[in-house]
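Have a look at the structure below, then the notes.
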Amino acid sequence: MTAGDVLDANVDLKQPDERERRMRGRNRALLAVLLGLVALFYAITIVRLGGG
Amino acid sequence: MSELPSTALAPYAGAAVGDYVQILKPRVMSLVVFTGFVGLAVAPGHLHPILAMVAVLCIAVGAGASGAINMWYDRDIDAVMRRTAARPLPAGRMMPGEALGFGVVLAVGAVVVMALAVNSVAAQLLALTIGFYVFVYTMWLKRRTPQNIVIGGAAGALPPLIGWAAVTGDVGWGAVALFAIIFFWTPPHFWALSLYRAGEYAEAGVPMLPVVAGARETKRQMLIYTLMLWPATLAPWLLGVAGSVYGLCAGVLSLIFTGAAIRVWRDAGDRSARQMFAFSLLYLFLIFAVLLVDRSGGGLP
């Protein structure tokens, strides 16, 4: 991402605490998605192996 | 060359989780998921509940991915229209590349998982739906022709076919009937909206029918499509996909929908168009809900 992109998109530039709060939120969401995917692929594998 | 403002080099906070959810167009996604689920539920045959859940999840993620890529491409016109100006991209809460990357990853992921877990026909239909929505509707038709939502509406009509194909591995006549319902429902639904948003569409340069052909012609075509919706709506009953309860309810709902189109045709103002838009959502939901209930209630011949 270049500084030009930032200007083009008129993106809000946040204070560090806001930045950290958003990063934490994204990290937690990503963790939930990854755990969900693990569970999903486990379930798919079990069903497929069982001939479902 | 002018120097960048010092603030431009400050760290970008990145989009919030809520913004990522918003670019998936959750309200559109909910209707897509519901119609896809009904297609899956009424299809003849059996699919393991876990795999059925995976199929519905893939349809949902694919729909969300289409929405994200659509928001990436349309960010310039979204900024002009009041209805869409607060979306994460035009509001500056998300970088365009983030939305595009997010959409592409979800689209590829949804198709791959559908192929691995369910079957290749459902995966191909899902890929076709995403590709049609992104390339045919969003990039090609939307800004070029007033028939944008007529042809582009095919993308929104495909989810029941995907659900059906997830169970059967092919596309039967019943699935085509479900496709036809959404296909013929889409023009009156979107044109009702565009009748009272015509000014915004004109400002954004989107050639919706009321902008190009005027309100009178739009209302005439809305009525025609509403009449064309009749055989499509009754087709599941005539084909034996649904029973007589569905047939009766579909007839009554179509009568009300046609009445709404006639009211729009006769009304010089916006009020009836707003009411028809709201009812169109309820109409589609009820048609598919009754189909689901009639099927699960053993109303089949």
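From first to last, the protein sequence lines are chains P and G.
Its first residue numbered 25, the first sequence is counted upward by one per residue in our numbering.
Its first residue numbered 3, the second sequence is counted upward by one per residue in our numbering.
Using N, Cα and C, we set each Cβ at its ideal position, and we do this for glycine too.
Treat the numbers as computed from the prediction; the structure is a model and nothing was measured.
- For H191 (chain G), the uninterrupted alpha helix (DSSP H) run begins and ends at 175-198, by DSSP.
- When DSSP states are grouped into helix, strand and coil, G207 (chain G) belongs to the coil group.
- Within the stretch 40-51 of chain G, the residues whose Cβ lies closer than 7 angstroms to any Cβ of chain P are, in chain order, H50.
- In the structure shown, the three-state DSSP call for D80 (chain G) is helix.
- Following the DSSP letters along the chain, one finds G64 (chain G) inside the alpha helix (DSSP H) bounded by residues 51-75.
- Among the CB atoms of chain P, none fall inside 7 angstroms of the CB of L180 (chain G).
- With respect to V19 (chain G), R50 (chain P) sits close: the two C-beta atoms are nearer than 7 angstroms.
- Spanning the alpha carbons of M55 (chain G) and A167 (chain G) requires a straight line of approximately 14 angstroms.
- Of all C-beta pairs linking the stretch 66-73 of chain G to the stretch 101-116 of chain G, three or more are shorter than 8 angstroms, placing the two stretches in contact.
- Residue contact check for L53 (chain G) against chain P: a CB pair falls below 7 angstroms.
- The three-state reading of DSSP puts M96 (chain G) in coil, since its state is none of H, G, I, E or B.
- Nearest CB-CB separation between V19 (chain G) and chain P: below the 7 angstroms threshold.
- Against A119 (chain G), the close residues of chain P are I68, in the order they occur along the chain (beta-carbon pairs closer than 7 angstroms).
- Within the same chain, Cβ atoms closer than 7 angstroms to the Cβ of R77 (chain G) are found at L91, P92, P98, the five residues on either side in sequence being excluded.
- Under the 7 angstroms criterion on CB atoms, A124 (chain G) is classed as non-interfacial with respect to chain P.
- Contact annotation for A53 (chain P) against chain G: V19 [CB-CB distance below 7 angstroms, chain order].
- Note on Y66 (chain P): under 16 other CB atoms within 10 angstroms of its CB, so exposed under the neighbour-count rule.
- Proximity of chain G to L73 (chain P) at the Cβ level (cut-off 8 angstroms) is not reached, the minimal Cβ distance being about 12 angstroms.
- For Y139 (chain G), there is no enclosing alpha helix (DSSP H), as DSSP gives it neither H nor E.
- Around Q277 (chain G), the same chain offers A262, R265 as residues with beta carbons nearer than 8 angstroms, after the five sequence neighbours per side are excluded.
- Short of 8 angstroms from the beta carbon of A200 (chain G), and not among the five residues preceding or following it, lie these beta carbons of its own chain, in chain order: M210, P212, V213, A217.
- At least 7 angstroms separates the beta-carbon of G171 (chain G) from that of V115 (chain G).
- Collapsing the DSSP output to three states places I25 (chain G) in coil.
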